[in-house]
Amino acid sequence: MRAAWYEQKGPADQVLRTGTQPDPDPGAGEVRVRVHASAVNPSDTKGRSGFSGSMAMPYPLIIPHQDGAGIIDRVGAGVPQQRVGERVWIYEAQRGRPFGTAAEFVVVPHEQAVRLPDGFSFDVGACLGIPAMTAHRCLFMDGGIQGQTILVAGGAGAVGLAAVQLAKWAGARVITTVSRTEQQILALHAGADAVLDRREPDLAGRIKAAAGGGGIDRVVEVAFEANLELNRAVLRPNGVIASYASGAADSAPRIPFSSVMGQGLTMHFVLVYVMPREAHLAAARDINACLEADHYRPHIAQRFRLEDIALAHEAQEGGKTVGKLIVVVGR
24 MRAAWYEQKG PADQVLRTGT QPDPDPGAGE VRVRVHASAV NPSDTKGRSG FSGSMAMPYP
84 LIIPHQDGAG IIDRVGAGVP QQRVGERVWI YEAQRGRPFG TAAEFVVVPH EQAVRLPDGF
144 SFDVGACLGI PAMTAHRCLF MDGGIQGQTI LVAGGAGAVG LAAVQLAKWA GARVITTVSR
204 TEQQILALHA GADAVLDRRE PDLAGRIKAA AGGGGIDRVV EVAFEANLEL NRAVLRPNGV
264 IASYASGAAD SAPRIPFSSV MGQGLTMHFV LVYVMPREAH LAAARDINAC LEADHYRPHI
324 AQRFRLEDIA LAHEAQEGGK TVGKLIVVVG R
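Under this note's numbering, think of the first position of the sequence shown as 24, with each following residue one higher.
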């Protein structure tokens with residue numbers, strides 16, 4: 024099979040190679056997917072680059088990428104034969120194993136190959152996995168959010184955009200913050216009720232005004248440390264901060280315990296890779312329902328050939344792209 028891989032960590036253009044690798048076969052409880060589209064996530068580039076000094080290779084050879092989409096072409100023991108030919112989107116393909124979706128074939132546990140609803144492209148399917156499941160966990164880990172007012176920090180990022188759309192689908196009012204005009208347009212198109220420039224003065228006052236003066240029920244946060252005081256200022260008593268990112272890897276944010284306790288705030292720290300199985304299954308169910316209700320459309324910024332995967336990784340690391348980066352694998 025055609026594939027991209029690395030055998031040591033480092034800069035994308037120095038360590039990523041493309042060529043052929045042996046075709047994999049599914050084991051018991053697994054399916055093999057012929058991959059058509061593979062998405063690049065920050066965790067993919069961090070794993071390859073040796074982020075935070077982690078240069079040890081967990082496997083001698085790694086085919087990167089957690090998310091993708093394609094067609095099941097073979098099933099292992101215990102998986103219904105009827106799944107052969109099913110169009111699916113894939114999540115966490117490379118979690119705990121060496122081979123991800125940057126290849127013509129990938130083998131995953133059958134639950135991690137989710138039916139892709141009719142009418143949606145493989146490119147769209149490849150965008151779902153990590154961003155949409157992270158957003159879902161941030162929004163729903165405490166139950167339903169209908170009628171709540173949600174603040175999404177960075178509402179044009181992959182997770183932020185998913186959070187905006189899932190929250191609107193669930194009946195919430197959504198306020199989001201961005202920093203560029205193209206991000207504002209994207210967040211408004213996604214259905215946000217209010218989009219605010221995070222660099223403008225008195226952001227807390229503008230958030231409260233957009234919320235009708237009553238405050239925020241829940242924050243989906245991409246910069247926990249930087250925005251902690253802002254969030255404390257706009258949250259209602261007993262509000263929630265659900266954060267999936269903060270500052271530098273070795274940062275140690277100070278949490279003012281007495282003040283936070285006095286507000287009755289709840290803080291969740293969300294990492295998709297350690298979500299319970301039930302949370303993954305609930306997320307997959309709701310993401311598909313949101314898609315089929317025409318409430319969720321990922322934004323794709325650029326597509327790359329498999330042979331140009333290093334350019335895709337560099338674009339992800341550059342931080343200038345608005346939208347998802349797709350590596351087209353299927354011919």
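Glycine included, each C-beta is placed from N, C-alpha and C at the ideal position. It should be emphasised that the depicted structure is a prediction, and the values quoted were computed from it without experimental measurement.
When secondary structure is reduced to three states using DSSP, Val-187 falls in the helix class. Uninterrupted beta strand (DSSP E) stretches at least 3 residues long and entirely within the stretch 103–154 occur at 110–113, 128–132, 136–138, given in chain order.
Between Val-102 and Ala-176, the C-beta spacing is not below 8 Å. Our two residues, Asn-261 and Gly-123, have alpha carbons roughly 40 Å apart in a direct line. Taking the Cα of Glu-205 as reference, the smallest distance to any Cα among Arg-328, Gly-33, Lys-343, Val-63 is reached at Lys-343.
Of the residues Asp-90, Leu-162, Asn-64, the one whose Cα lies closest to the Cα of Ala-302 is Leu-162.
When rounded, the separation of the alpha-carbon atoms in Val-351 and Ile-86 is 15 Å. Nearest to Gly-353 by C-alpha distance, out of Gly-119, Ser-202, Met-156, Val-129, is Val-129. Residue burial is scored here from C-beta neighbours: Arg-222 has fewer than 16 other C-beta atoms within 10 angstroms and is therefore classed as exposed.
The stretch 310–318 and the stretch 331–339 do not touch, with fewer than three beta-carbon pairs separated by less than 8 Å. In the three-state reduction of the DSSP assignment, Ser-61 falls in the strand class. A straight line joining the alpha-carbon of Val-295 with that of Ala-233 spans about 30 Å.
For the 8 Å CB-CB criterion, Leu-251 and Pro-224 do not form a contact. Gly-108 and Ala-305 have their alpha carbons spaced roughly 24 Å apart. Every unbroken stretch of the alpha helix (DSSP H) spanning 4 or more residues and falling wholly within the stretch 232–279 is given here in chain order: 247–257. Around the beta carbon of Phe-247, 16 or more other beta carbons sit within 10 angstroms, so the residue counts as buried. For His-336, no beta strand (DSSP E) run applies; the uninterrupted alpha helix (DSSP H) run containing it begins and ends at 332–341, by DSSP.
Selection Tyr-267, Gly-93, Phe-145 evaluated against Met-164 yields Tyr-267 as nearest (Cα-Cα). In the three-state reduction of the DSSP assignment, Val-293 falls in the coil class, being assigned neither a helical nor a strand state. Gly-99 is a Cβ neighbour of Glu-53, given a cutoff of 8 Å. DSSP places Asp-220 inside the beta strand (DSSP E), whose first and last residues are 217–220. By the CB criterion at 8 Å, Asp-146 and Ala-60 fall inside the cutoff.
In the three-state DSSP reduction, Ile-168 falls in the coil class, being neither helix nor strand. Gly-70 counts as buried, since no fewer than 16 other beta carbons sit within 10 angstroms of its beta carbon.
Counting along the chain, the unbroken beta strand (DSSP E) around Val-201 starts and ends at 196–201. The shortest CA-to-CA distance from Asp-216 to any of Gln-171, Ile-264, Arg-160, Ala-265 is the one to Gln-171.
A straight line joining the alpha-carbon of Leu-211 with that of Gly-236 spans about 21 Å.
Looking at the DSSP output, Gly-93 bridges to Val-58, Val-111.
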